[in-house]
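In the numbering used here, the protein residues as written are 3 to 117. Every residue, glycine too, gets a C-beta built ideally from N, C-alpha and C. Fair warning: this is a prediction, and the values are worked out from it, not measured in the lab.
Here's what the structure looks like:
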């Protein structure tokens, strides 16, 4: 399974970006897609996730600012990030989680938020 992540870039604080993740195959009815991030010197952390059935989960720092959604017709998951802060600067990764327990990672996309 390959995941194509895109949408990163440089934005000023308070700005917005939308990340896209397109897995090469569906995670099935019991899978999920997650967005993670890893800042320099820090561990990778979950930002948001969405199940195949549309249930969402957010890290506390993302609540109210980020929205994860999916377009099943395009098999694409989006992470809309608003009110970005310098501390959101990180490499963002998407992952595909299958019911079997298999987890796949895409290449990261860099998000840089300037103050």
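At the C-beta level, residue 40 and residue 93 come within 8 Å of one another. Going by beta carbons, residue 67 and residue 51 fall outside the 8 Å limit.
Looking only at 70, 75, 65, the smallest Cα-Cα distance to residue 35 is reached by 70. If you look at residue 3, you'll find it isn't in any beta strand (DSSP E); DSSP assigns it neither H nor E. Taking all protein chains shown into account, residue 21 has 16 or more neighbouring C-beta atoms within 10 Å of its C-beta and is therefore buried.
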